[in-house]
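One structure is given below, encoded as structure tokens.
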């Protein structure tokens, strides 16, 4: 008979050595950061810790974005080291994104020396108060003896559903102390089990005439895509991604897949109205972006909700059944329950939906191909050429706003963890996230699809890509404007897309008085070369497709400048249906 596992014994070590030991035991092998004086005891200790690689960012937002991409690619909690109040302030936007996207990370910042904090020294601040609104927990360590316990708690909490960033402030003099502290071992935690009530849920769903499923990002994060496919196929249910999904939560080519729900309650309500039973899985209550009156759930729709986070159940709308438990075993159990009972007309629904969805995708492909031509490219043609050229195993990191919405309709990925986005909405994330993604998944090609406005917010991340020769292809969709804001403004005021004046929404270099900005005034190839990165500016959709096909062959970063038509040139394509692509703002 096997003996029960022993409780890990407590060791003793200097505070800084205790920190390094905990990082190793928690699965950390890279530290993302930008150092300052208060981090010097930590960075000096890393000289003798070659197994803990320090990944330098030139700005803290890039460090947090890299950690975000790395955590998602590896499935492990990432570790970030920032510098005092100013560095934390720069990193807050990345922490907002991580919080919204449920990315587990532990973020630390060096606090000023405690011996003169009472004098309000330069660089000091209330770091806990700053981080509290965007972190699951924010604490400052006051005694060296408390550091190991606080760090153990931080790693446990960051990974606990709902995952997210946890902040720890560490005074610089604390890490410089030499007296040993107790170092408790890492605890072993059993995983969350399946939900109860699966038989009741199966009975409700099996009796529906027109079932529908909303696949939330929890499905992809928890590795439950295959189990959700089993449930959907057993029901013959239409499947939507949640609005602005951050990953692959259902295969994009599956016959039951109907696309992404738009981020407006009124639009969601209209799409769900034909259905009589709804299964919501791992979704943070739809999170609308633009306001529209009324709820997302139409009257009379029976709702079953499954989530690993009990607080999500019935949070924004009433549900018939709320199930809390780990998604993969819960969905597997639900599929088994459905196999044990008759499901009305599932095969007929599957065949009918497959024909409808295939016809829609084929029509969109024909429309996109008809727009192929020379630069500046029509945005739909540009993203279609890009999607068509990318190798099948590519991970796409998307921060392209309007072009990103179009990309979602033509990319159609099936493999989990192949699409990386942040529903947090904090711009400047994409470049750093792509670097972190490739560091965490070194055997998969990585392509970042970026809006030029988004890329401007995080351009410092290109330095890290060049410094570490991270082979990412950065595709910058260059329209020299905040296109999404123009489209949102026109939609709100029922204006046409004909050329007109806008204040503060153009990125071209120097338009004359009353002059319509010219597409392509910003040349991103110059920005890439400044950081030592090879760059190409495409002149046709065919060239873009050919470049996309080479992503898997890169051994260093590459930036591809993709000139696309501006908002003012939209009137050249009067037959285009832009309704899917004109509702997301910054």
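Numbering (UniProt numbering), first residue to last: 1 to 586. Just so you know, even glycine gets a beta-carbon here, dropped at the ideal spot from N, CA and C.
- Our two residues, residue 174 and residue 144, have alpha carbons roughly 6 angstroms apart in a direct line.
- Only residues of its own chain outside the window of five on either side were considered, and among them 37, 38, 39, 40, 41, 110, 111, 112 and 113 have a CB closer than 8 angstroms to the CB of residue 172, listed in chain order.
- The residue from 209, 231 and 528 with its alpha-carbon nearest to that of residue 274 is 209.
- Annotated three-state conformation of residue 361 is helix, per DSSP.
- Taking the Cα positions, residue 215 is about 6 angstroms away from residue 240.
- Proximity to residue 15 across 119, 180 and 108 peaks at 180, based on C-alpha coordinates.
- Contact check for residue 69 and residue 436: beta-carbon distance about 3 angstroms, within the 8 angstroms limit, so the pair qualifies.
- Closest in C-alpha terms to residue 165, from the list 136, 188 and 142, comes 136.
- In the same chain as residue 97, and ignoring 5 residues on each side of it, the C-beta atoms closer than 7 angstroms to its own belong to 68, 422, 424, 426 and 429, in chain order.
- Cβ-Cβ distances below 8 angstroms link residue 288 to 243, 263, 264, 265, 268 and 296 in the same chain, with the five nearest sequence neighbours on each side left out; the list follows chain order.
- With a cutoff of 8 angstroms on beta-carbon distance, residue 62 and residue 432 are scored as near each other.
- When DSSP states are grouped into helix, strand and coil, residue 238 belongs to the strand group.
- Residue 182 is bridged by DSSP to 12.
- Across the structure, residue 443 and residue 324 are spaced so that their CA atoms are roughly 35 angstroms apart.
- Here residue 311 is exposed, its C-beta having fewer than 16 other C-beta atoms within 10 Å.
- When only Cα atoms are considered, residue 233 and residue 151 end up about 44 angstroms apart.
- Judged by beta-carbon spacing, residue 446 lies beyond the 8 angstroms limit of residue 383, meaning their Cβ atoms are not closer than that value.
- Between the stretch 525–541 and the stretch 556–566 there are three or more C-beta pairs closer than 8 angstroms, enough to call the two in contact.
- Setting aside the 5 residues that flank it on each side, residue 247 is surrounded in the same chain by 217, 220 and 419, each with a C-beta closer than 6 angstroms to its C-beta; the list follows chain order.
- A distance below 7 angstroms between beta-carbons, with the five flanking residues on each side excluded, links residue 138 to the following residues of its chain, in chain order: 128, 131, 132 and 167.
- In the structure shown, residue 525 falls within a helical segment according to DSSP collapsed to helix, strand and coil.
- Straight-line measurement puts the Cα of residue 11 at about 38 angstroms from the Cα of residue 470.
- DSSP places residue 279 inside the beta strand (DSSP E), whose first and last residues are 277–281.
- The stretch 117–125 makes contact with the stretch 83–95, as at least three CB pairs between them are under 8 angstroms.
- Using a 10 angstroms sphere on the CB of residue 378, the tally of other CB atoms reaches 16 or more, which defines it as buried.
- Check the Cα spacing between residue 190 and each of 251, 326 and 236: the tightest is with 326.
- In its chain, beyond the 5 residues on either side, 312, 315 and 316 have a beta carbon closer than 7 angstroms to the beta carbon of residue 285.
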